[in-house]
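Working notes, beginning with the structure itself.
Number of protein chains: 2
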Amino acid sequence: MLNDLHIQEQEVIDEHKECVRYRKGDVIFHEGGIPKGIYCIRKGGVKISKMTSQGKEQILFLSQPGDFIGYRALIGEEVYNATATSIEDSSICYIPKSDFLEIMHRNPAFFNKMIKKVCNQLGIMEQNLTIIAQKSVKERLATTLLMLKESYGMDGDESTLIDIRLSREEIANVVGTATETVIRLLSTFKNEGLIDFDGKRIKVINEEQLKKLAVA
Amino acid sequence: MLNDLHIQEQEVIDEHKECVRYRKGDVIFHEGGIPKGIYCIRKGGVKISKMTSQGKEQILFLSQPGDFIGYRALIGEEVYNATATSIEDSSICYIPKSDFLEIMHRNPAFFNKMIKKVCNQLGIMEQNLTIIAQKSVKERLATTLLMLKESYGMDGDESTLIDIRLSREEIANVVGTATETVIRLLSTFKNEGLIDFDGKRIKVINEEQLKKLAVA
DNA sequence: CATCAACTGTGATTGCCATCACAAAAGTAT
DNA sequence: ATACTTTTGTGATGGCAATCACAGTTGATG
Chain A
9 MLNDLHIQEQ
19 EVIDEHKECV
29 RYRKGDVIFH
39 EGGIPKGIYC
49 IRKGGVKISK
59 MTSQGKEQIL
69 FLSQPGDFIG
79 YRALIGEEVY
89 NATATSIEDS
99 SICYIPKSDF
109 LEIMHRNPAF
119 FNKMIKKVCN
129 QLGIMEQNLT
139 IIAQKSVKER
149 LATTLLMLKE
159 SYGMDGDEST
169 LIDIRLSREE
179 IANVVGTATE
189 TVIRLLSTFK
199 NEGLIDFDGK
209 RIKVINEEQL
219 KKLAVA
Chain B
9 MLNDLHIQEQ
19 EVIDEHKECV
29 RYRKGDVIFH
39 EGGIPKGIYC
49 IRKGGVKISK
59 MTSQGKEQIL
69 FLSQPGDFIG
79 YRALIGEEVY
89 NATATSIEDS
99 SICYIPKSDF
109 LEIMHRNPAF
119 FNKMIKKVCN
129 QLGIMEQNLT
139 IIAQKSVKER
149 LATTLLMLKE
159 SYGMDGDEST
169 LIDIRLSREE
179 IANVVGTATE
189 TVIRLLSTFK
199 NEGLIDFDGK
209 RIKVINEEQL
219 KKLAVA
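Chains as they are written, first to last, in the working numbering: chain A, 9 to 224; chain B, 9 to 224.
So, in structure tokens, the structure goes:
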């Protein structure tokens, strides 16, 4: 995302940004907090999630190295409506609000890229909402596994492996279901030869069949 | 939204826009179609909805006079991922892509307003997704009724009336549930004195209680 | 205003999935 | 290594809500 900036702009960012290491479980920003800058993930992984009044977590999306997080609330001039939590040891850069907004307004191409990004994200969220509202848990889990493979699939030999370590509970909080249900369904998928797993490492064995399930 | 434009820009739009009347049920744009402009509602009402492969409809949001629709796909340079359908007789202006984009890029304040708008919309969608994923149908229906009152509540005498005529099926497709379930729950709410209705005109009688239900 | 279609409403039934309870395994810390 | 916490896994149970079936009502249309 930052690649399109001019050299002098990159320098501004390099000067002002500060990179911080976060341990697994550390919170980067919290629902209700006031955004004072944006974050860019260099290494590791982050989950963006909301808590309901009953203390249930809904994971909205997962972010990887290269992704910006926290820009929605900053640009929208709202408080954070979700919490960002490191799901593994991560290195994350912080770019102060003033620097970010200045660059965005000085550089029309970058501004353009940002608004496109937000629009695409909105499209994804509309799609996810529809899936959660209209499909069964089994179909949603299949969809989630395919999404994870898309985002975290490996190259080469291990191309079937989903290279992210999520707990069963976290998968449940993406799908919007109970942890036990995820455990049971993953076992079913394993028995049916759709996937394989040992602990948290999940492999997609029969992607075609999984896709059929997902659209069912 | 258009009020912030300069006078000459308003003139450009006035020259190029064309306003069309749509009857109830008419489709303004269709999922999968290529956006060639944006729409601004002058009169009436529009639902934006997605269809699942099983033919189930999910209503993503409802638009009123003054609202833009179709800008997400246009700006994001995607095909429409939802369908816009007139839910009553409406008058809707069409602004060609080139005019809209030119004005957006010429007028930084307007550009800013647009990106803020998309960010806010994304926040709303994230909130809705969480509600649908984590709350019971009863809680979601209560939330939807409150949202409808917020958007379509009247002033003065009839301040309790929700001034929009949605079928039970359409309400169900907002909430993400079956039509029969909505019918039953609305009757329950009526019996409990939370709401009152005669046909499609719904009144909120006990907003406080409804709010308690919604957050439950 | 007659006819048909669409919508509202009610009852019965099924089943998906949440919840509770608890055992086993894995990971973490001392 | 040992104790403790967290995570994974399994079984039993119950309830919410989808689905099916059909009656009554409203509304559209020629």
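Just so you know, even glycine gets a beta-carbon here, dropped at the ideal spot from N, CA and C.
Exercise. From Gly84/B to Lys146/A, what does the alpha carbon distance come to, in whole angstroms?
Worked result: Residue mapping note: residue 84/B aligns to position 76 of the second sequence, counting from 1. Residue mapping note: residue 146/A aligns to position 138 of the first sequence, counting from 1. Looking at the backbone, the Cα of Gly84/B and that of Lys146/A are separated by about 31 Å.
For this session: Would you check if the distance between the CB atom of Gly53/A and the CB atom of Ile179/A is smaller than 9 Å?
Result: As a first step, residue 53/A must be located in the first sequence, where it is residue number 45. As a first step, residue 179/A must be located in the first sequence, where it is residue number 171. No, the pair does not count as a contact, with Cβ atoms beyond the cut-off.
Exercise. What residue from Lys64/B, Val212/B, Gly74/B and Cys48/B has the CA that sits closest to Leu149/B's CA?
Worked result: For this step, residue 149/B is matched to residue 141 along the second sequence. When each option's Cα is compared against that of Leu149/B, the closest is Val212/B.
For this session: Indicate whether at least one CB of chain B lies closer than 9 Å to the CB of Thr168/A.
Result: By 1-based counting over the first sequence, the position of residue 168/A is 160. For Thr168/A, the answer is no, since every Cβ of chain B falls outside 9 Å of its Cβ.
Problem set entry | Among Asp97/B, Ile203/B, Glu166/B and Met59/B, the one whose alpha carbon lies nearest that of Lys6/B | In the structure as shown, chain B starts at 9 and stops at 224, and residue 6/B therefore has no counterpart that could be examined.
Exercise. How is Lys198/B classed by DSSP in three states: helix, strand or coil?
Worked result: As a first step, residue 198/B is located in the second sequence; it is residue number 190 there, counting from the start. Under the three-state reduction of DSSP output, Lys198/B falls in the helix class.
Exercise. What does Pro43/A pair with, by DSSP beta-bridge criteria?
Worked result: The count along the first sequence starts at 1 and reaches residue 43/A at position 35. The partner list for Pro43/A (beta bridge, DSSP) is empty, contrary to what the question assumes.
Exercise. DSSP beta-bridge partners for Gly52/A?
Worked result: If you number the first sequence from 1, residue 52/A lands on position 44. Residue pairing of Gly52/A in beta bridges, as defined by DSSP: absent, with no partner found.
For this session: Compile a chain-ordered list of the residues in the region 55 to 66 of chain B whose CB is closer than 8 Å to at least one CB of chain A.
Result: Residues of the region 55 to 66 of chain B with a C-beta less than 8 Å from any C-beta of chain A: Lys58, Thr60, Ser61, Gln62, Lys64 and Gln66, listed in chain order.
Problem set entry | Proximity test, Cβ basis, 9 Å: Ala81/A and chain B | By 1-based counting over the first sequence, the position of residue 81/A is 73. Residue contact with chain B for Ala81/A: present (Cβ-Cβ distance below 9 Å to some residue of chain B).
Exercise. Any idea which residues DSSP pairs Phe205/B with across the strands?
Worked result: In the second sequence, residue 205/B corresponds to position 197, counting from 1. The bridge partners DSSP lists for Phe205/B are Ile210/B.
Problem set entry | Contact with chain A by Thr138/B, beta-carbon distance below 9 Å | In the second sequence, residue 138/B corresponds to position 130, counting from 1. For Thr138/B, a Cβ of chain A is located within less than 9 Å of the residue's own Cβ.
Problem set entry | Residue closest to Lys143/B, alpha-carbon to alpha-carbon, out of Met9/A, Ser61/A, Lys55/A and Arg50/A | Walking along the second sequence from the start, residue 143/B turns up at place 135. The shortest C-alpha separation from Lys143/B is found at Ser61/A.
Problem set entry | Residue span of the alpha helix (DSSP H) that contains Ile123/A, given as start and end | Taking the first residue of the first sequence as 1, we reach residue 123/A at position 115. Where Ile123/A is concerned, the enclosing alpha helix (DSSP H) stretches over Pro116 to Gln142.
Exercise. Does DSSP put Lys25/B in a helix, a strand or coil?
Worked result: Start at 1 with the first residue of the second sequence, and residue 25/B comes out as number 17. Under the three-state reduction of DSSP output, Lys25/B falls in the coil class, being neither helix nor strand.
Exercise. Are the Cβ atoms of Gly184/A and Ile123/A separated by less than 9 Å?
Worked result: Locating residue 184/A in the first sequence gives position 176, counting from the first residue. Locating residue 123/A in the first sequence gives position 115, counting from the first residue. With a cutoff of 9 Å on beta-carbon distance, Gly184/A and Ile123/A are scored as not near each other.
Exercise. Whose C-beta lies closer than 7 Å to the C-beta of Phe197/A among residues of the same chain, with five residues either side of it excluded?
Worked result: As a position in the first sequence, residue 197/A is number 189, starting the count at 1. Ile203.
Problem set entry | Rounded separation between Ser99/B and Pro116/A - CA only | In the second sequence, the residue the question calls residue 99/B occupies position 91. In the first sequence, the residue the question calls residue 116/A occupies position 108. Rounded to whole angstroms, the gap between the alpha carbons of Ser99/B and Pro116/A is 34 Å.
Exercise. What's the C-alpha gap between Lys121/A and Leu169/A?
Worked result: By one-based count along the first sequence, residue 121/A stands at place 113. By one-based count along the first sequence, residue 169/A stands at place 161. When rounded, the distance between both Cα atoms is 31 Å.
Exercise. Tyr30/A and Tyr102/A: beta carbons closer than 9 Å?
Worked result: Locating residue 30/A in the first sequence gives position 22, counting from the first residue. Locating residue 102/A in the first sequence gives position 94, counting from the first residue. No, they are not a contact pair.
For this session: Count the other C-beta atoms from every protein chain shown that fall within 10 angstroms of the C-beta of Ile226/B, then say buried if there are 16 or more, exposed otherwise.
Result: Because chain B is modelled from 9 through 224, residue 226/B falls outside the range shown and cannot be assessed.
Exercise. Smallest Cα separation from Ala90/B: which of Arg114/B, Leu109/B, Lys55/B and Lys105/B?
Worked result: Looking up residue 90/B in the second sequence gives position 82. Cα-wise, what sits closest to Ala90/B is Lys55/B.
Exercise. If you run the structure through DSSP and keep just helix, strand and coil, what is Tyr88/A?
Worked result: As a first step, residue 88/A must be located in the first sequence, where it is residue number 80. Residue state, collapsed to three classes: coil.
For this session: May I ask which residues mark the beginning and end of the beta strand (DSSP E) holding Glu65/B?
Result: Along the second sequence, one-based indexing puts residue 65/B at 57. Per DSSP, Glu65/B belongs to the beta strand (DSSP E) from Glu65 to Ser71.
Problem set entry | Residue nearest to His225/A in terms of C-alpha spacing, selected from Ile77/A, Val126/A and Glu17/A | No information on residue 225/A is available, as it lies outside the stretch 9 to 224 that chain A covers here.
For this session: Report yes if the C-beta of Asn115/A is less than 8 Å from at least one heavy atom of the ligand PLP; otherwise report no.
Result: Ligands displayed in this structure: none; no statement on the ligand PLP is therefore possible.
For this session: Let me know the secondary structure DSSP gives Lys32/A once reduced to three states.
Result: Mapped onto the first sequence, residue 32/A falls at position 24. In the structure shown, Lys32/A sits in coil (DSSP, three-state: anything other than H, G, I, E or B).
For this session: Determine the chain B residues that contact Phe118/A at a beta-carbon separation under 7 Å, and present them in chain order.
Result: Here residue 118/A refers to the residue found at position 110 when the first sequence is read from its first residue. Residues of chain B passing the Cβ test: none, with the nearest at roughly 12 Å.
Problem set entry | Residues in the region 143 to 177 of chain A having any Cβ partner in chain B nearer than 8 Å | Here the close residues are Lys143.
Problem set entry | Host beta strand (DSSP E) of Ile103/B (start-end) | Taking the second sequence and counting its residues from 1, one reaches residue 103/B at position 95. Counted as a single uninterrupted DSSP element, the beta strand (DSSP E) harbouring Ile103/B occupies residues Ser98 to Pro104.
Problem set entry | Best match in Glu86/A, Ser159/A and Thr93/A for proximity to Ile132/B [C-alpha to C-alpha] | Counting from 1 along the second sequence, the entry for residue 132/B is found at position 124. Answer by Cα proximity: Glu86/A.
For this session: Please name the residue in Glu19/B, Glu134/B, Ile210/B and Glu216/B whose C-alpha comes closest to that of Asp107/B.
Result: The residue given as residue 107/B occupies position 99 in the second sequence. The alpha carbon of Asp107/B has as its nearest neighbour, out of Glu19/B, Glu134/B, Ile210/B and Glu216/B, the alpha carbon of Glu19/B.
For this session: Check the C-beta distance from Lys58/B over to Thr189/A and give it rounded, since I have them as a contact under 8 Å.
Result: Within the second sequence, numbered from 1, the residue matching residue 58/B stands at position 50. Within the first sequence, numbered from 1, the residue matching residue 189/A stands at position 181. With 8 Å as the limit, Lys58/B and Thr189/A do not qualify as a contact, their Cβ atoms being about 25 Å apart.
Exercise. Looking at the C-beta of Gly78/B, does it have a partner C-beta in chain A at a distance below 9 Å?
Worked result: Here residue 78/B is taken as the residue at index 70 of the second sequence, counted from 1. Judged by the 9 Å Cβ criterion, Gly78/B is not in contact with chain A.
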